[in-house]
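Below is one structure, written out as structure tokens, with a few remarks after it.
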Amino acid sequence: MRKIIFISCFVFLCLTACEPYFSGLDIKDDHQPDISTVMGDINQYPSLISGAYNNWWHHMLAPNDGDTWILATNSDAFTAGAGNWDLQTYYYRKNYEKPMIPNTDKNAGFPRTLWYNHYSKISTVRNMLAMIEENQLIYKEDNKDQTYKILANCYFLMGAFYTEMSLLFDKCFLVTEGSDLQKITSDDIKSASDAKSLALEYLDKCIEICNEQSFTNFGGLLPSDIVGNNVKLRQFANFMAARAIAYHPRTKEQYNSVDWSEVKKYISEGLTEDVKAKLPQQGWDEWSYAAASWPGGNQWGRVGMRVINMMANPGDPGAIWPLPTDFGQGQTLPEANSPDFRLGTDFTYYPSVNTPTGGLSYDGYTKYSSYVLNRFSETGQQSGEGELYFFTKAESDLLYAEAALQTKEISKAVQLVNLTRVTRGKLNDINENSTKDKILEAIYYERFVECGYAYTATPFYDRRRTPIDKFQLTTRSFRQLPIPILELSFYDIDSYTFGGEQDKYDQYNF
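Just so you know, we're using the numbering used here here: the sequence shown kicks off at 1485 and counts up by one.
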């Protein structure tokens, strides 16, 4: 049975591997079964759903062609020792003009791979929903109609996929179970705001089913049984919906357009545990940026000095950011001092410009950092054992804190921000008498420490949207991604891009 399922999935992926993406998805091929044949047996859907969850996990964490790793250097969470995938290109330094994303090269992997990986997953789940609707398919367990379990997971996945598309890209195709794939045109390209609305529609459908039905979910969909029943699936859907709304702003100016009451409605019933895998666990190991940055290995990334500067005492000589241009070869920084306990637990002072393996160097002002990641990175050791994080409960709590603060629930915001600030950081500077600005600054501080090294797009979303100028995305940084040139060229749409001069924002030249 496992072999049959694998072959079915493989054939289906072949059917959806055409370029451009939507051309020929439903064209009959006498040498391959058509989509109706592949998707006709609803009893195979739990396996297809499991595959969609698994692909989502890997696509969001893996380097592939830079993908979400580039977002981490663009937002100063990491500095890169290697130049692969242009990781160093988008890291901020003095007197450097960040370039635009080169969206004229059809062979460029970024952001092409991100785009097509998401649509490969969307197509799989969309086709399941379409087949259920068109053929009135019914999924049964113990001779009882359990189709709602299929629908709840499909709606969650579509909502999660379109959440990320709406946050990453300025525009995208909105392909649903009601779309005629043979008639996709450039008119089907919609704004990121429209993609956000579609994501929320799907997530609301998932939440509705989870409210109406009590069920044990299919096994093995995600590690740690994180969507193991209707309650857990609903919590994850609420978290996704809150992210879609709160993280949508591309600039400080757009921050005020967020409906924080709506965010609070969702996130008040968000995650109650971390989304992570305890490795070894077959099928869930991944070379995330955190794992690749394990202190004892090749250190593909080190902690961006911007984060250390934020945590350290003001003016600390061991926490200079940005480094001056005369910070030359072989030069190092002393150990920084901070009232935050986590500087000594989550991060490790490692002043040498060379990595333990000698494979990479952090020499000079353009990329030097004296700190490596000690938390989130343990699966990078040779054994591969440890906890591999995707999302953290802290991210959910801190988003709730932000929504509470913006809706005048000061005591709730203080309680939530102090879950990590006091318990892990040993900081006791925020209370109900603190100003709103101080509480908001503390929330973002916590987010950069607690949430920036699991899914590495998170600090990118936070930097571009924050109303706090000193935390903002730096000058000339791209704030969203364009539709890849490969897709644009098929529809005779002129290439465009982001970053560089058009995203200058001189006020963020630090």
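In this text, a Cβ means the ideal position worked out from N, Cα and C, and glycines have one as well.
For the pair L1621 and Y1646, the CB atoms are not nearer than the 7 Å cut-off.
A residue is called buried once 16 or more other Cβ atoms fall within 10 Å of its Cβ, and G1842, having fewer, is exposed. The beta carbon of W1744 is closer than 7 Å to those of A1887, Q1890 and T1891 in its chain, skipping five residues each way along the sequence.
Taking C-beta atoms as the reference points, N1587 and T1832 fail to come closer than 7 Å. The alpha-carbon of F1657 is positioned some 16 Å away from that of D1978. Assignment of beta-bridge partners to T1832 by DSSP yields V1856.
A residue is called buried once 16 or more other Cβ atoms fall within 10 Å of its Cβ, and T1919, having fewer, is exposed. Taking a cut-off of 8 Å on C-beta distances, the segment 1969 to 1978 does not touch the segment 1749 to 1768, as fewer than three cross pairs fall below it.
Note on geometry: alpha-carbon atoms of K1624 and L1641 lie some 21 Å from one another. Taking a cut-off of 8 Å on C-beta distances, the segment 1554 to 1562 touches the segment 1954 to 1963, as three or more cross pairs fall below it. Contact between the segment 1789 to 1797 and the segment 1816 to 1829 is present, with at least three C-beta pairs closer than 8 Å. Annotation: F1994 to P1801 spans about 17 Å, alpha carbon to alpha carbon. A distance of 7 Å or more separates the beta carbons of L1857 and S1772. When the Cα atoms are used, Y1873 and T1552 turn out to be separated by approximately 14 Å. A distance below 7 Å between beta-carbons, with the five flanking residues on each side excluded, links S1670 to the following residues of its chain, in chain order: Y1975 and I1977. Pairing Q1783 with G1754 gives a Cβ-Cβ distance that is not under 7 Å.
In this structure, the alpha-carbon of F1860 lies about 7 Å from that of A1938. L1882 and Q1964 have their C-alpha atoms some 23 Å from each other. When Cβ pairs closer than 8 Å are counted between the two stretches, the segment 1537 to 1552 is seen to touch the segment 1597 to 1604, the count reaching three or more.
I1710 and D1769 have their alpha carbons spaced roughly 16 Å apart. In the structure shown, the three-state DSSP call for L1965 is strand. Looking at I1923, R1908 and Y1731, the one whose alpha-carbon comes closest to that of I1914 is I1923.
Here the alpha carbon of E1746 sits roughly 11 Å from the alpha carbon of R1727.
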